[in-house]
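The sequence shown begins at 1 in the UniProt record's numbering and counts up by one.
Glycine is no exception: its CB is placed at the ideal position from the N, C-alpha and C atoms.
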Amino acid sequence: MRPFRPAEPSYAGVGVTFCRTELVLEPADLRGADVAIVGAPFDDGTSFRPGARFGPRAIRAAEDVAGPSTRPHMELGVDPFAELRVVDHGDIEATPADLATSHRRLRATLTDVLEADAIPVVLGGDHSLSTPTMQALADRLGPDGYAVLHFDTHADTGATTFGVANTHGTPFHRGVTEGFLRGDHVVQVGLRGTWPTPPEFAWMRDQGFRWHTMDEIEDRGLPSVVAEAVASVTGAAPRVYLTVDIDVLDPAFAPGTGTPEPGGLTTRELLRAVRTVAASVDLCAMDLVEVSPPYDPAGVTALAAQRLVLETLSGLALRRSGRSARPERP
Numbered sequence: 001m002r003p004f005r006p007a008e009p010s011y012a013g014v015g016v017t018f019c020r021t022e023l024v025l026e027p028a029d030l031r032g033a034d035v036a037i038v039g040a041p042f043d044d045g046t047s048f049r050p051g052a053r054f055g056p057r058a059i060r061a062a063e064d065v066a067g068p069s070t071r072p073h074m075e076l077g078v079d080p081f082a083e084l085r086v087v088d089h090g091d092i093e094a095t096p097a098d099l100a101t102s103h104r105r106l107r108a109t110l111t112d113v114l115e116a117d118a119i120p121v122v123l124g125g126d127h128s129l130s131t132p133t134m135q136a137l138a139d140r141l142g143p144d145g146y147a148v149l150h151f152d153t154h155a156d157t158g159a160t161t162f163g164v165a166n167t168h169g170t171p172f173h174r175g176v177t178e179g180f181l182r183g184d185h186v187v188q189v190g191l192r193g194t195w196p197t198p199p200e201f202a203w204m205r206d207q208g209f210r211w212h213t214m215d216e217i218e219d220r221g222l223p224s225v226v227a228e229a230v231a232s233v234t235g236a237a238p239r240v241y242l243t244v245d246i247d248v249l250d251p252a253f254a255p256g257t258g259t260p261e262p263g264g265l266t267t268r269e270l271l272r273a274v275r276t277v278a279a280s281v282d283l284c285a286m287d288l289v290e291v292s293p294p295y296d297p298a299g300v301t302a303l304a305a306q307r308l309v310l311e312t313l314s315g316l317a318l319r320r321s322g323r324s325a326r327p328e329r330p
């Protein structure tokens, strides 16, 4: 993995690292890192609007603060880059029109990160990347060793999408049926719209999936739902994989995505939710997927994604520090 390769697509490679962090390209140099940012610039698993292959570069470039990696959090009283060694491990070598090869390379890269005892944070890319992520986690921790907390409009539990088994709509079905994920270790937050259909919900129920729809969130409030979701995943397994599809946000806040659905969360709600999760669980991996910059000329979707990763790092830093939050107040 290098910043650029002569034969790679023009949208791949690292023009600027995440929050100006150190660029670390060799697996041996990951030792001592707490978190490794990994770009996965592919969208060959997309079933509707493409463009998520441009997501990693847009998310990295959304940072509006130049200079060293210092980002103090006014509500938590921590600076994630003071508490954690965060490095950028560049982009995987994604191959356009060959999703299986891109998945193999992502799995291998995440294996390197996990073997270095670092937490991978993957910038997508479409949500099919959860398949190699969970495969790498199962290789390292076993399928009993991790749970999934999944923020998304869609459950991504289809057996196929238009007859194809390896897409952004199938990773959690594949995980269960292929044995690298336990269905009773999955909690999903934010479901809405017209999919899953009753047959998918019946399958999910049979596998032990738990989920919280947007109507439930509106009735109960997101903090209550997140607290229950955290209790569910921490009770299921010692480690937690947090996966965030940007389309869980309402399209008013995140228009740049492949499968938008009205009626979602606000950016403010989701920022606090992921911060709470990261501060409350033993995180083993995180990803932010389905940012499609061509559908958002203003760049607000990539900015939201960048901030969601930063909030996750801040919550993780608070947990690692062992301190309570110290908000800035008069």
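Check	Outcome
If we call anything under 8 Å between Cβ atoms a contact, is Gly77 one with Pro330?	no
State buried or exposed for Ala252, treating a residue as buried only when at least 16 other CB atoms are found within 10 Å of its CB.	exposed
Looking at Leu249: is its Cβ nearer than 8 Å to the Cβ of Thr267?	yes
Just to confirm before moving on: does the CB-CB distance between Val186 and Phe209 stay below 8 Å?	yes
Count the other C-beta atoms from every protein chain shown that fall within 10 angstroms of the C-beta of Pro198, then say buried if there are 16 or more, exposed otherwise.	exposed
What residue ranges within the segment 50 to 104 form continuous beta strand (DSSP E) runs of no fewer than 3 residues, ordered along the chain?	86 to 91
Excluding the 5 residues preceding and the 5 following Gly263 in the sequence, name in chain order all residues of the same chain whose CB lies nearer than 8 Å to its CB.	Arg192, Gly193, Met214, Asp250
With DSSP as the reference, label Trp203 as helix, strand or coil.	helix
What residue range does the beta strand (DSSP E) around Thr243 cover?	239 to 245
Out of Phe151, Leu310, Pro9, which has the shortest C-alpha to C-alpha gap to Leu242?	Phe151
Alpha carbon to alpha carbon, how far is Ala62 from Met74? Give it in angstroms, no decimals.	20 Å
Does the beta-carbon distance from Ala273 to Leu316 come in below 8 Å?	no
Can the beta-carbon of His173 be found closer than 8 Å to that of Thr153?	no
Hey, how far is the Cα of Leu181 from the Cα of Pro96?	27 Å
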